[in-house]
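Worksheet: one structure, shown below.
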Amino acid sequence: MRDSAAFKDTRFASDNTAGICPEAWQALRDADQGSCPSYGEDALTARAADAIRAALGGEGDVYFVFNGTAANSLALAACCQSYHSVICSDVAHIVTDECGAPEFFSNGTKLLAVRTEDGKVTPAEVERLVTHRSDLHYPKPRVLSLTLPTELGTLYSLEELRALAAVARRHGLAVHLDGARFANAVVGLGVSAAELVAAAGADVLCFGAVKNGLGFGEAVVFRNRALSAEFSWRCKQSGQLASKMRYLAAPWLRGFQDELWLRNAENANRSARSLAAQLSAVPGARLVRPVEANAVFVELSAEHHEKLKSAGWAYYTFIGGAARFVCSWATTPADVDALVATLTTSS
Ligand SMILES: Cc1ncc(COP(=O)(O)O)c(C=O)c1O
844 MRDSAAFKDT
854 RFASDNTAGI
864 CPEAWQALRD
874 ADQGSCPSYG
884 EDALTARAAD
894 AIRAALGGEG
904 DVYFVFNGTA
914 ANSLALAACC
924 QSYHSVICSD
934 VAHIVTDECG
944 APEFFSNGTK
954 LLAVRTEDGK
964 VTPAEVERLV
974 THRSDLHYPK
984 PRVLSLTLPT
994 ELGTLYSLEE
1004 LRALAAVARR
1014 HGLAVHLDGA
1024 RFANAVVGLG
1034 VSAAELVAAA
1044 GADVLCFGAV
1054 KNGLGFGEAV
1064 VFRNRALSAE
1074 FSWRCKQSGQ
1084 LASKMRYLAA
1094 PWLRGFQDEL
1104 WLRNAENANR
1114 SARSLAAQLS
1124 AVPGARLVRP
1134 VEANAVFVEL
1144 SAEHHEKLKS
1154 AGWAYYTFIG
1164 GAARFVCSWA
1174 TTPADVDALV
1184 ATLTTSS
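Residue numbers are given in this note's numbering: position 282 of the sequence shown equals residue 1125, and the series is strictly consecutive.
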């Protein structure tokens, strides 16, 4: 672990840096009521799974795991044999930031990454990767993995998703959605969660709560129940079956009451739009792509970087070829102003 002097202002470094929202925290406290069945056999877990199914249009086999890497890796492993491959974008979290976990948990399934400018896979690229080889020496494409919103803060439209789903169906690919920020995609597109998963023809959705401020567990939702047979055993074997599952589930249940999960995402997206608008007025700063969810990518001058560094702001520059600032449920207008003021105040 780091030396304490290294800590910086992490308000925009990621939506992982925000805390748990007060309502979810209260739900955790409320869940702390004496004894109840363990390993997901409790009523709260069942109700949270029902709430997720209802939000997604009534279908799905739901599992709670501790984090997004586990959700993605185990979901992909459930879709694949070791000789299969997963088509995804070259900036997909499963390729760049999961330390080989998808390959590990699927015993060697290969990730076939498509080069993209905006984080989005195109139907033509999927078609090309599936059809350019069909021999035994090529890892057989089995899954199309899409991230909603993408790692570059962009969104597939429903039409784009329908086109991708059609290619996937034509070639017998299962569709996996990395929805670590699924709420931000739903709000950003202004559609319902059910419409979104239906347009994508999703077989399995890794539905994120952590970045949305709802506690610390993610859900894996199989719309295609043929893929989830024995998934409980996968969770258990990989150390992802929580004994006190009610604490993973309770914030989820709270999130679906009075649309808290959507309000949290709306705050994040709105803050990102406001940050983008203010940054684009800063001389020498240039937005590198549209802000469609809660991340802002901006090209900054050396002087800007120096100012941010001196003021102690933490942010990444290795994703998407620019400085990345991410807003969350907790971002306030004052936070946005503080970041922008660092850039506009003369040194
Ligand atoms: C697109 C995406 N997928 C999945 C994850 C989940 O990763 P973790 O294992 O850190 O919860 C993240 C986290 O940053 C992410 O950005």
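Glycine included, every Cβ here is placed at the ideal spot set by N, Cα and C.
Since the model is a prediction, treat every value here as computed from it, not as a measurement.
Query raised in the report: Mind checking whether the beta-carbon of His936 lies closer than 6 Å to any heavy atom of ligand 1?
Result: Yes - ligand 1 has a heavy atom lying nearer than 6 Å to the Cβ of His936.
Query raised in the report: Where do the N-terminal and C-terminal ends of the alpha helix (DSSP H) with Lys1150 fall, by residue?
Result: Ala1145 to Ala1154
Query raised in the report: Since Leu955 sits in a beta bridge, which residues does DSSP pair it with?
Result: Ile930
Query - Inter-residue Cα distance where the pair is Glu866 and Pro982 - result: 46 Å
Report task. Pull up the CB-CB distance for Thr997 and Glu1109, whole angstroms please, since I reckon it's below 8 Å. Result -> The distance from the Cβ of Thr997 to that of Glu1109 is about 18 Å, inconsistent with a contact at the 8 Å cut-off.
Requested in this report: Report yes if the CB atom of Phe855 is closer than 7 Å to the CB atom of Leu1182, and no otherwise.
Outcome: Their beta carbons are under 7 Å apart, which means Phe855 touches Leu1182 by this criterion.
Requested in this report: Could you spell out the range, first to last residue, of the alpha helix (DSSP H) harbouring Val1030?
Outcome: Phe1025 to Leu1032
Query raised in the report: Measuring CB to CB, does Ala944 end up less than 7 Å from Thr912?
Result: yes
Report task. Please state if the CB of Ala1023 and the CB of Phe907 are separated by a distance shorter than 7 Å. Result -> Pairing Phe907 with Ala1023 gives a Cβ-Cβ distance that is not under 7 Å.
Requested in this report: Would you identify the three-state DSSP class for Lys1079, choosing helix, strand or coil?
Outcome: helix
Report task. Verify whether the separation of the beta carbon atoms of Val1030 and Asn910 is less than 7 Å. Result -> No. Outside cutoff.
Query raised in the report: Which first and last residues belong to the alpha helix (DSSP H) in which Ala867 is found?
Result: Pro865 to Ala874
Query raised in the report: Can the beta-carbon of Cys1049 be found closer than 7 Å to that of Ala914?
Result: yes
Query - Asp1046 versus Ala889: straight-line alpha-carbon distance, rounded - result: 21 Å
Query - Lys953 classed as buried or exposed, judged by whether at least 16 other C-beta atoms fall within 10 angstroms - result: With 16 or more Cβ atoms within 10 Å of its Cβ, Lys953 is classed as buried.
Requested in this report: Spell out a yes or no on whether the stretch 997 to 1015 and the stretch 1147 to 1163 are touching, meaning 3 or more CB-CB pairs, one atom from each, closer than 8 Å.
Outcome: No: fewer than three Cβ pairs fall under 8 Å.
Query raised in the report: How would you call Gly1056, buried or exposed, if buried means at least 16 neighbouring beta carbons within 10 angstroms?
Result: buried
Requested in this report: Might you give, ordered along the chain, the residues of its own chain that have their beta carbon closer than 6 Å to the beta carbon of Ala1037, omitting 5 neighbours on each side?
Outcome: The beta carbon of Ala1037 lies closer than 6 Å to those of Leu899 and Gly900 in the same chain, with the five residues before and after it left out.
**Report entry** Per DSSP, the bridge partner or partners of Ala914
**Finding:** According to DSSP, Ala914 bridges with nothing at all.
Query raised in the report: Short check: CB of Tyr999 to CB of Lys963, under 7 Å?
Result: For the pair Tyr999 and Lys963, the CB atoms are nearer than the 7 Å cut-off.
Query raised in the report: Should Thr997 be listed as close to ligand 1, given that the test is whether its C-beta is under 6 Å from any heavy atom?
Result: no
Query - Gly911 Cβ short of 6 Å to ligand 1 heavy atom set - result: yes
Query - Cutoff 6 Å; reference Thr1174; Cβ partners in own chain excluding five residues on either side - result: Ser1114
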